[in-house]
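Take the sequence shown: its position 86, counting from 1, is numbered 85 in numbering that gives the first Met the number 0, and each next residue is one higher.
Quick reminder that beta carbons are idealized off the backbone N, C-alpha and C, glycines included.
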Amino acid sequence: MSRRLPLLDVLRGVAILGTLATNVWLFAAPGGEANMLFSEELSPLAGALADPSPGTVAQGVLLLLSNGKFLALLTLLFGVGLAIQFRSAAKKGGRWPGPYKWRALFLFTEGLVHFTLVFAADVLMGYAVTSLLVAWLLTRSRRVRNAVMWTCLVLHLAVVGLLTAASALLPQPGAQSADGGVPAEVVDLYAHGTYLDQIGLRLDNMLAMRAEPIITFAFMVFMFLLGVRLFRAGAFSGDDAGRRLRARLLAWGLGVGVPLNIATALGGADLFFVDRYVAAPVVALGLIGAVGWLVDRADPAGWGVVSLSSLGRMAMTGYVTQNVLCMLACYGIGLGLSARLADTGPWWVMGLWAVVAALLLAGSTLWLRRFRLGPLEAFQKAVLGRIPERRR
0 MSRRLPLLDV
10 LRGVAILGTL
20 ATNVWLFAAP
30 GGEANMLFSE
40 ELSPLAGALA
50 DPSPGTVAQG
60 VLLLLSNGKF
70 LALLTLLFGV
80 GLAIQFRSAA
90 KKGGRWPGPY
100 KWRALFLFTE
110 GLVHFTLVFA
120 ADVLMGYAVT
130 SLLVAWLLTR
140 SRRVRNAVMW
150 TCLVLHLAVV
160 GLLTAASALL
170 PQPGAQSADG
180 GVPAEVVDLY
190 AHGTYLDQIG
200 LRLDNMLAMR
210 AEPIITFAFM
220 VFMFLLGVRL
230 FRAGAFSGDD
240 AGRRLRARLL
250 AWGLGVGVPL
260 NIATALGGAD
270 LFFVDRYVAA
280 PVVALGLIGA
290 VGWLVDRADP
300 AGWGVVSLSS
310 LGRMAMTGYV
320 TQNVLCMLAC
330 YGIGLGLSAR
340 LADTGPWWVM
350 GLWAVVAALL
360 LAGSTLWLRR
370 FRLGPLEAFQ
380 KAVLGRIPER
390 RR
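Here it is in structure tokens:
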């Protein structure tokens, strides 16, 4: 059995908490996830520039730190996981993609259920589709993979350029409603409507709410393949070569990415797509180096490393759980905090993030003291294990 790479588990845990830091604002906004349909995309620093009060500045900084970075990191790490599964299959002499198609189908089904019942901004369906292509590419030559990887990057940059031009030249969705945001009836649905009403809204607007994984498909393929390339280069190992490579990622990722990210954030809403899908992924590479630098110097038995690693080991459970908790906390079907605290400023949202993050870290640590896998990970293994060998 191959030994786990501790840094990968920690990075997965960091990525889960980082996606929560982005998504919590969507849950907490009036109209919840429906803001994706109606509200104009804002620069992370837009609110702070318009109202430099402590609350809005703190919100702007948190959004600047989280927007796009951890989505990119999670995407890259999924590619790393795919490379690990490919290597394991090769060592066992198994067929590839072979059984992986069932894993991808399970992931897509899980994402569809998650989208329908919990949260419209699901990433699992997009990852499932992307993984099928990349799984096949792993059987091709390195030259083919490199050609696909760099072609996807060029296509992604072209799409971002077109979206940026459209954002600058065309009316924004928010301009279509009287208050420049989500229609009152949709806000009321999330504040006072039934659970079935929310499910119905997601299904009625499924294509629009699934726009991000569609327009970023080339980006996901690029990040998956980049994850494969970094893994095979030893970027996550604990030896000197791995540390040197992470030091380069730290220097270049943060040295180039942070100034670029600040510039695009200050550029306003017109540069939203460049900020989220170009600058943020560069910073994500720097985060690999930064987290690696900290892990190399931290106590491996310390609470921080252990709790983040535990969350990373059950990342799928953590991802779904955080969205369920936020849905129950913010929407009217649960505590209804979004409506109750709508006029109290952003501090409660940051508090919600801290509480949910603490629950995830503590819960995953306690769970793995007794069980080897997280609940959803164990369920996946049980389902896939029941597929007859001849069908794999």
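Less than 8 Å separates the beta-carbon of residue 310 from that of residue 12. For residue 370, there is no enclosing alpha helix (DSSP H), as DSSP gives it neither H nor E. Residue 69 is a Cβ neighbour of residue 21, given a cutoff of 8 Å. A contact between stretches requires three or more CB pairs, one per stretch, nearer than 8 Å, and the segment 128 to 136 meets this requirement with the segment 216 to 226. Pairing residue 55 with residue 33, the inter-Cα distance amounts to about 22 Å.
With contact defined as three or more Cβ pairs closer than 8 Å, the segment 185 to 205 and the segment 334 to 351 are in contact. In terms of CA proximity to residue 107, 124 leads the group 35, 228, 124. Between residue 355 and residue 113, the beta carbon gap of about 16 Å keeps them out of contact (Cβ cut-off 8 Å). Shown here, residue 83 sits in a helix according to DSSP, grouped into three states. If only complete runs of 4 or more residues are kept, the segment 288 to 372 shows the alpha helix (DSSP H) at 302 to 312, 314 to 329, 336 to 339, 346 to 369, in order along the chain. With 16 or more neighbouring CB atoms inside 10 Å of its own CB, residue 37 falls in the buried class.
About 13 Å separates the beta carbons of residue 323 and residue 23, which is beyond the 8 Å limit, so they are not a contact pair. DSSP assignment within the segment 228 to 279 yields the following whole alpha helix (DSSP H) runs of 4 residues or more, N-terminal first: 239 to 265. Between residue 252 and residue 226, the CB-CB gap reaches or exceeds 8 Å. In the three-state reduction of the DSSP assignment, residue 56 falls in the helix class. Within 10 angstroms of the beta-carbon of residue 186 lie 16 or more other beta-carbons, which makes it buried.
According to the DSSP assignment, residue 129 belongs to the alpha helix (DSSP H) that extends over 123 to 136. Here residue 166 is not near residue 235, since their CB atoms are 8 Å or more apart. Rounded to whole angstroms, the separation of the alpha carbons of residue 97 and residue 258 is 44 Å.
With 16 or more other Cβ atoms inside 10 Å of its own Cβ, residue 280 counts as buried. Residue 187 carries a helical assignment under DSSP once its states are collapsed to helix, strand and coil. Leaving aside the five residues that flank residue 74 on each side, the residues in its chain whose CB is nearer than 6 Å to its CB run, in chain order, 219, 222.
Apart from sequence neighbours up to five positions away, the residues of its chain that approach residue 35 with a beta-carbon distance below 7 Å are 119, 120, 208, ordered along the chain. Just measuring C-alpha positions, the residue of 230, 269, 384 sitting nearest residue 81 is 230. Residue 307 and residue 25 have their C-alpha atoms some 24 Å from each other. If you compare the alpha carbons of 158, 243, 105 with that of residue 213, the shortest gap goes to 158. Around the Cβ of residue 99, a 10 Å sphere holds 16 or more other Cβ atoms; the residue is buried. In the structure shown, the three-state DSSP call for residue 192 is coil. Of the residues assessed, residue 66 falls on the buried side of the cut-off, its CB having 16 or more other CB atoms within 10 angstroms. Restricting attention to 194, 363, 239, 313, the CA atom closest to the CA of residue 329 is found in 194. Under the three-state reduction of DSSP output, residue 115 falls in the helix class. Distance from the CA atom of residue 31 to the CA atom of residue 140, rounded to whole angstroms, is 45 Å. Cβ-Cβ distances below 7 Å link residue 232 to 244 in the same chain, with the five nearest sequence neighbours on each side left out; the list follows chain order.
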